[in-house]
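There are 2 protein chains.
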Amino acid sequence: METNGEGALGLLGDPSRRAIFELLARHPCSVQELTDLLPISRPAVSQHLKVLKDGGLVVSRAEGTRRIYQLRPDGVTALRTWLDGVWQDALTGFQKQAEASTPGLEPDPNDHLNDEPEER
Amino acid sequence: METNGEGALGLLGDPSRRAIFELLARHPCSVQELTDLLPISRPAVSQHLKVLKDGGLVVSRAEGTRRIYQLRPDGVTALRTWLDGVWQDALTGFQKQAEASTPGLEPDPNDHLNDEPEER
DNA sequence: CGGTTCCGTTAGTGTTAGCTTACCGTTCGT
DNA sequence: ACGAACGGTAAGCTAACACTAACGGAACCG
Chain R
1 METNGEGALG LLGDPSRRAI FELLARHPCS VQELTDLLPI SRPAVSQHLK VLKDGGLVVS
61 RAEGTRRIYQ LRPDGVTALR TWLDGVWQDA LTGFQKQAEA STPGLEPDPN DHLNDEPEER
Chain U
1 METNGEGALG LLGDPSRRAI FELLARHPCS VQELTDLLPI SRPAVSQHLK VLKDGGLVVS
61 RAEGTRRIYQ LRPDGVTALR TWLDGVWQDA LTGFQKQAEA STPGLEPDPN DHLNDEPEER
């Protein structure tokens, strides 16, 4: 279990995992519920849950024959912590740049090599 | 340009991209600098920068023959916004769960509004 | 007990995505 | 104008990964 925001970000890179994450944020769910709500098969959900669990973002609790999954607060906290760190660094960076007499952000006028930015 | 936290999360899923992102958070960098600091080739850095730029997380500015890349504040803000949304949902979820297992603290008998299959 | 539901795991497959090599345009120095 | 530094792009390969299908196990119910 990592429990650090850096690893957690890697886990949330997958869209399906993000969807599961957001669903679990609303309320705990069983695998079956998640399967009904998502456009993927049950084993796929199960695999994603395993990844999320190993990554320390969710925990599971047995309830009869089904397993209820829910978010682990520490995981979300770690994410926020990591992002806040980067955010602070960025703020000081912006401040130093502002001192360095850069009045505004120039949109790179000599960027004729790359002025077609529409690609998925 | 996406400029929404959801897409940005996908971009930061890659470790190399996270590394570039964190480096740019400290101070703006040229492609050459990033290449020297990272264990990947220069074209790889360039490709990642293109992805980050299309995703609205960074901007580039021409300076002589080199391009200086730096973070775009809106991108980081979008990330925080998305994460805060999930965080709020999770908080309410935790609260409801706490109420369900802690009698007498904050009883809310009208909690049948959400479909939580509770049977033992 | 047999049947059913729910779930984890494995094997197998197809697609995606990152990395490198090579090439070319642009800008600066001499 | 020539050559070097800087960097974006194309083609290709390889590895990772997300998904399905199939099997097996564990808990409820009749």
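Chains as they are written, first to last, in full-length UniProt numbering: chain R, 1 to 120; chain U, 1 to 120.
Yeah, the Cβ is synthetic: ideal placement off N, Cα and C, and Gly gets one too.
On a predicted model such as this, the values are computed, not experimentally measured, just so you know.
Could you compute how far the alpha carbon of residue i sits from the alpha carbon of residue j?
i              : j              : result
R17 of chain U : L49 of chain U : 8 Å
P15 of chain U : V51 of chain U : 13 Å
S60 of chain R : L12 of chain R : 18 Å
V86 of chain R : L24 of chain R : 26 Å
S41 of chain R : I20 of chain R : 13 Å
H27 of chain R : L71 of chain U : 34 Å
Q47 of chain R : D36 of chain R : 16 Å
A44 of chain U : D54 of chain U : 15 Å
L38 of chain R : E22 of chain R : 12 Å
P6 of chain U  : G56 of chain U : Inspection of the sequence shows that residue 6 of chain U is occupied by Glu rather than by Pro. For E6 of chain U and G56 of chain U, the distance between alpha carbons rounds to 12 Å.
N4 of chain U  : V58 of chain U : 13 Å
E63 of chain U : T81 of chain U : 32 Å
List the residues of chain R that residue i touches, going by C-beta distances under 8 Å, in chain order.
i              : result
L12 of chain U : L9, G13
L57 of chain U : Simply none; closest approach about 11 Å.
Which bits of chain R does residue i rub up against, with CB to CB less than 7 Å?
i              : result
R18 of chain U : E6, L9
Mind listing the chain U neighbours of residue i? Cutoff is C-beta to C-beta under 9 Å, in chain order.
i              : result
L52 of chain R : Within chain U, no residue comes near L52 of chain R; the closest Cβ sits about 13 Å away, beyond 9 Å.
Consider the C-beta atom of residue i and the heavy atoms of the ligand SAM; say whether any pair is separated by less than 6 Å.
i              : result
W87 of chain U : Summarising the ligand content, the structure contains no ligands, and the ligand SAM is consequently not present.
Give the C-beta separation of residue i and residue j to the nearest angstrom, bearing in mind that I take them to be a contact with Cβ-Cβ under 8 Å.
i              : j             : result
F83 of chain R : L9 of chain U : Position check: residue 83 of chain R holds Leu in this sequence, whereas Phe was assumed. Not a contact, Cβ separation roughly 10 Å.
Near-chain U residues of the segment 74-92 of chain R - C-beta to any C-beta below 7 Å: Cβ proximity to chain U below 7 Å picks out V76, L79, R80, L83, V86, W87, D89, A90 from the segment 74-92 of chain R.
Going along the segment 20-50 of chain R in order, which residues come within less than 9 Å of chain U, judged by CB to CB distance? Flagged, chain order: F21, E22, L24, A25, R26, H27, P28, S30, E33.
Would you call the segment 69-76 of chain U and the segment 86-95 of chain R in contact, with 3 or more CB pairs under 8 Å? The segment 69-76 of chain U makes contact with the segment 86-95 of chain R: 3 or more CB pairs, one atom from each, lie closer than 8 Å.
Stretch-stretch touch, CB-based, cutoff 8 Å, three pairs: the segment 30-44 of chain U with the segment 60-74 of chain U: The segment 30-44 of chain U is in contact with the segment 60-74 of chain U.
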